Each structure stands twice: as C-alpha cells, then as structure tokens.
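Written out below as structure tokens is the structure these notes cover.
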Amino acid sequence: MAKIILTADVANLGGPGDIVEVKDGYARNYLLPRSLAITATKGAERQVHTIRRAQEARRIRDLDHANEVKQRIESLPVIALVAKTAPNSKKLFGSVTPADVVNALKAAGGPTLDKRVIELGGHIKTTGKHAVTANLHPKVEVTFALQVRAADAE
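The following block contains the structure:
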C-alpha cells in the first residue's frame, strides 16, 4: 500500500489535502502521472495545511454565504477581460476560459471563486458582452455580464 496526499478531488477517494492509502499500482499508474496526488513525505505532509487553506478560501460554505457572494458579484459595475485579438478583427486568439473569468472577477473587486463553478455557456471567441453564470450553491446561481475587450496592439 502506498501513502499519498491528494492534490485534487478524486471520486470515491477524497479531496485535496487528504492523506490516503491506496494500492501501489493505482498510485504509480494513475494518480501520480495525472498530478492528482503526491507521495506522502514529511515535507509534503506539511504542505497539506497550505493546500487546505487555499481550498477553504474559494469554497462556498452554506446558503447564506452563497447569497452574500451573489450580492457582491451583482454589485460590481463592470467585469472586464482584456484578450489578444487579430488586427482589425473582433476574433480572439484562442478562447476565454473559466480561469480567465475568475481572474477578471477578482481584478474587478469581486470574490475569489473556484473556476469549476463558472459556466460559460459555450466558447467565448469574440469581443463584446457575454453572459456568464456562476453556480455558487445548488440553490443559488448568479449570471453576470463579462465585457471582453481587445488588447491594444503595440
């Protein structure tokens, strides 16, 4: 049996920061290559606290906290995201990711969210206003406008 520390949610096993024992082959052939876990050493076990603290900062605790976060998002004036575009075009190089939306939300003065709660409703590949939904709680979701702007080419 191998003792490992999970770095991501793994179905039927645990969440980030959990120290679990699994069969050697499962750890060596599945969890470790996919960066879902790290080998449990004394130094790594000290990092468990840091991993859990980062997860706790992004986690929505209950329905009241979800409503509070929804109010903060709705009170923001404009959530803007600057992306690279082709010259004289509205098309983006690539597309907007949920991580980009979370960073733009935080830059606008909003709360820190987990990127997994963001739903884009399709790929965002052009400039302009786009509706984005955040599923904060099973009973609470908030839809906000994301203004995608072209980066000034120099």
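Residue numbers for the sequence shown, in numbering that gives the first Met the number 0: 0 to 153.
We put the CB at the ideal spot given by N, CA and C, even for glycine.
In this text the structure is predicted, and so the values were computed from the model without any measurement.
- Query: Excluding five sequence neighbours on each side, which residues of the same chain lie with their C-beta closer than 8 Å to the C-beta of M0?
  - Reply: E20, V21, K22, D23
- Task: Using 10 angstroms around the beta-carbon of G42, count the other beta-carbons present and answer buried if the total reaches 16, otherwise exposed.
- Result: exposed
- As assigned by DSSP and simplified to three states, the class of H122: coil
- Task: Assign F108 to buried or exposed, taking buried as 16 or more other Cβ atoms, counted over all protein chains shown, within 10 Å of its Cβ.
- Result: The amino acid at residue 108 is misidentified as Phe; the sequence shows Gly. When all chains shown are included, G108 counts as exposed.
- Rounded C-alpha distance that separates I3 from L31: 9 Å
- Message: Rounding to the nearest angstrom, what Cα-Cα distance links I72 and F143 in this structure?
- Response: 8 Å
- Look at T84 and A149 and say whether their C-beta atoms are less than 9 Å apart. yes
- Within the region 78 to 103, note down every full beta strand (DSSP E) run reaching 3 residues or more, in order along the chain. 78 to 82, 90 to 95
- Task: Measuring only between beta-carbons, confirm whether Q54 sits less than 9 Å from chain C.
- Result: The displayed structure is made up of one protein chain only, and chain C is not part of it.
- Whose CA, out of P137, A106, D151, lies closest to the CA of L145? A106
- Closest residue to T126 among I50, N87, V147 (Cα-Cα distance): V147
- Message: Cutting at 7 Å between CB atoms, please list the residues of its own chain near V59, excluding the five before and the five after it.
- Response: Contrary to the premise, residue 59 reads as Ile rather than Val in this sequence. If we look at I59 and ignore the five residues flanking it on each side, its Cβ neighbours are A65, V68, L135, H136.
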